[in-house]
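Chemist: This is the structure, below, for whatever I ask next.
In this note's numbering, the protein residues as written are 2 to 279.
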């Protein structure tokens with residue numbers, strides 16, 4: 002049976018803001034209408050080999066609403082890439098989590114910084130056959146690792162839980178709950194992020210080394226960011242102005258293999274880092 006996944010169903014109501022990708026010819030001074038587009042997951046199959054999207058011809062396409070077939074994807078985190086296919090091409094991306102609805106109803110999931118640690122709290126109700134909660138943490142909002150576990154009460158009514166992360170990373174910490182049933186089935190909560198600024202805020206890049214894209218976590222709070230990438234000779238090879246929303250993903254298909262330096266600025270502060278493209 003073919004399953005169609007409506008982005009808004011997962012609360013991923015995405016306003017896709019397109020930024021020109023130097024992997025394709027630059028936009029002319031007076032670009033023509035964008036008439037065709039396509040999408041693909043995780044790995045670029047090559048221009049024209051994605052799944053077609055029906056669009057209304059326009060020079061600027063701000064909002065796109067469509068159904069994406071995720072039946073071939075396994076449960077977990079994935080990245081949806083969308084691009085136009087006309088005489089000039091633009092690419093954008095958004096990450097999402099594929100998984101079954103939570104077996105229990107999660108009423109809230111919050112966290113606060115407290116005395117060098119991060120206190121997590123969550124509340125559920127109508128727990129049936131619940132076994133435990135695994136607390137997972139990430140530094141980039143993409144790759145998560147287990148940091149703790151809490152046994153479920155497994156009873157009706159409302160249940161309150163808490164967990165202390167005694168050693169959070171410096172910068173932004175991303176958390177999610179992996180709720181596991183007695184029969185081994187599991188599903189994930191929404192992701193929350195907590196800023197732990199114990200010292201100098203840092204820019205994080207993942208994966209590193211990278212291939213098709215790199216995910217950026219910028220600790221600043223300003224809305225708009227300027228992202229600049231330089232090669233080892235100091236030449237500017239890519240520059241974008243983007244909103245500071247997560248995940249902040251930059252495509253790298255236009256770059257050759259080697260080391261690059263990245264600079265992210267919100268107009269007040271500048272964070273720098275480096276990564277390897279392979």
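Quick reminder that beta carbons are idealized off the backbone N, C-alpha and C, glycines included.
1. Could you work out which residue in 240, 131, 140, 228 is closest to residue 183 when comparing CA atoms only?
2. Is residue 36 helix, strand or coil when you go by DSSP?
3. Rounded to a whole number of angstroms, what is the C-alpha to C-alpha distance between residue 29 and residue 35?
4. Straight-line CA distance for residue 152 to residue 169?
5. For residue 84, which three-state DSSP category applies?
6. Three or more beta-carbon pairs under 8 Å between the region 116–123 and the region 244–262, yes or no?
7. Ignore the nearest five residues each way along the sequence and tell me which others in residue 109's own chain have a CB closer than 8 Å to its CB.
8. Once DSSP output is grouped into helix, strand and coil, what is the label at residue 70?
9. When DSSP labels each residue in this structure, what does residue 223 get in the three-state scheme?
10. Would you tell me roughly how many angstroms separate the C-alpha atoms of residue 25 and residue 165, rounded to the nearest one?
11. Considering just the uninterrupted stretch of the beta strand (DSSP E) at residue 145, what are its terminal residues?
12. Whole angstroms is fine: what's the gap from residue 242's alpha carbon to residue 128's?
13. In the DSSP output, what is residue 177 paired with across the bridge?
14. Check whether the Cβ atoms of residue 219 and residue 265 sit closer than 8 Å, and answer yes or no.
Modeler: In short:
1. 131
2. coil
3. Unreliable placement is indicated for residue 29, whose pLDDT of 45 sits below 50; the coordinate value is still reported in the next sentence. Taking the straight line joining both Cα atoms gives about 13 Å.
4. 22 Å
5. strand
6. no
7. 122, 123, 124
8. coil
9. coil
10. At residue 25, the pLDDT of 43 sits below 50, so the modelled position is not reliable and the matter cannot be decided from this model.
11. It is not in any beta strand (DSSP E) - residue 145 carries neither H nor E in the DSSP assignment.
12. 45 Å
13. 137
14. yes
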